[in-house]
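Here the structure is laid out as structure tokens; the discussion comes afterwards.
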Ligand SMILES: Nc1ncnc2c1ncn2[C@@H]1O[C@H](COP(=O)(O)OP(=O)(O)OP(=O)(O)O)[C@@H](O)[C@H]1O
Ligand SMILES: [Mg+2]
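Numbering (the numbering used here), first residue to last: 16 to 363.
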């Protein structure tokens, strides 16, 4: 996708409505939002504001309440309590106004598999009540932008996963909405397609679009978003820039790798740190340290006393994964069922 590599998009916000019922720098404002399904509390009073023209990430593991939040903000679901405003318009009381301002790319593609890519775009253009001329122009621009011109006359059911995702995003942009919701835009994409999608998202924000995206991927939130909310079990457990979140967890992460599985397994039993992360695949243990060299010396002597051989020791800057581990006691990988685990050991 050469255009993406060249960073040479031509994203324009045609006819973007600046309509707003009050002058606010916030495109999205959420206060005290609550939602339950039967007796199960899904959102337990969440608050956040998103400035116009920025990328905001809602980061959380499976079942955190990300899609529920997006559905409420895009008027597909009613909240039980609290308010949510899009450019000042209430998502419950001013549904039409809100819908005219937003585009949604859901977690699962909402495309007609039997229509071609071009026909999907045209159909949504008609449903969005665009003029014939606008539909024609926007369709061709978006096919070009998302590198789908060659595939445009093929039924969508023949598209690859990455093409589906790109077309799905293109469709949500047909009416040039100033605010878009992207629910896990890169889940299931290969690394190259993920980078392409990141580029497109960044370009959209640069052109003035406000983007709320959800992700389970620390790296994605880190790369794209100027502000991040960490959602867990329907509650916001942290909010800030990625640097602020990283600062919350200490200054450095210490990683120790072991030469074989038996040393690694033994190390998990003897190591005395408050919380550590064990990567079974890499035979590595890591933890956030504020104690620096002093703590390193302590841990190495614990391992030495147990006759455990260490392969490598390294210090890293903390990642957003570390933030999650510190805040919740488990990492995002853990919740995805990957081969990693965490252990809490009482303080010495
Ligand atoms: N219509 C519904 N009826 C009952 N429970 C629901 C409904 N929709 C969602 N839930 C539950 O609400 C919780 C949060 O779901 P939600 O889809 O918002 O999570 P998520 O953060 O988007 O997770 P994922 O990363 O898996 O997409 C889950 O436990 C889910 O099973
Ligand atoms: Mg979801």
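Ideal placement from N, C-alpha and C gives every residue a C-beta, glycine not left out.
CA-to-CA, the gap between residue 187 and residue 50 works out to about 26 Å.
Secondary structure at residue 135: helix, using DSSP grouped into helix, strand and coil. For the beta strand (DSSP E) assignment, the uninterrupted runs of no fewer than 3 residues enclosed by the segment 299-334 are, from N- to C-terminal side, 299-304 and 325-331. No residue range can be given for residue 289, since it is assigned to no alpha helix (DSSP H) and is classified by DSSP as neither H nor E.
Shown here, residue 339 sits in a helix according to DSSP, grouped into three states. Secondary structure at residue 82: helix, using DSSP grouped into helix, strand and coil. Inter-residue distance for residue 132 and residue 180 is about 11 Å (C-alpha atoms, whole angstroms).
Look at the beta carbons and you see the segment 240-253 touching the segment 66-75: at least three pairs across the two are nearer than 8 Å.
With 5 Å as the limit, the residues whose C-beta approaches a heavy atom of ligand 1 more closely than that are 52, 57, 77, 78, 79, 80, 81, 82 and 83, in chain order. Proximity of the beta carbon of residue 235 to ligand 2 is not indicated: no heavy atom of the ligand is located closer than 8 Å.
Scanning 279, 285, 84 and 137 for the CA closest to the CA of residue 325 turns up 279.
With contacts defined as CB atoms closer than 9 Å, residue 342 and residue 275 fail to qualify as a contacting pair. Relative to ligand 2, even the nearest heavy atom lies 8 Å or more away from the CB of residue 324.
Between the alpha carbons of residue 290 and residue 302 lies a gap of roughly 7 Å.
Taken from the Cβ of residue 232, every heavy atom of ligand 2 lies 8 Å or farther away.
Excluding sequence positions up to five before and after residue 270, its CB lies within less than 7 Å of the CB of 299, 301, 329 and 331, all in the same chain and listed in chain order. Of the residues assessed, residue 52 falls on the exposed side of the cut-off, its CB having fewer than 16 other CB atoms within 10 angstroms.
The beta carbons of residue 60 and residue 97 sit closer together than 9 Å. DSSP, read as helix, strand or coil, puts residue 164 in coil. Around the CB of residue 307, fewer than 16 other CB atoms lie within 10 Å, so the residue is classed as exposed.
Secondary structure of residue 111 (DSSP, three-state): helix. Annotation: residue 42 to residue 110 spans about 15 Å, alpha carbon to alpha carbon. Leaving aside the five residues that flank residue 126 on each side, the residues in its chain whose CB is nearer than 8 Å to its CB run, in chain order, 135, 171, 179, 182, 183 and 186.
Taking a C-beta distance under 9 Å as the contact criterion, residue 233 and residue 339 qualify as a contact pair. By the C-beta density criterion, residue 256 is exposed, having fewer than 16 other C-beta atoms within 10 angstroms. For ligand 2, a non-hydrogen atom lies closer than 8 Å to the CB of residue 198.
Inside the segment 213-260, DSSP marks whole beta strand (DSSP E) runs of 3 or more residues at positions 225-230, 242-247 and 250-255, from first to last along the chain.
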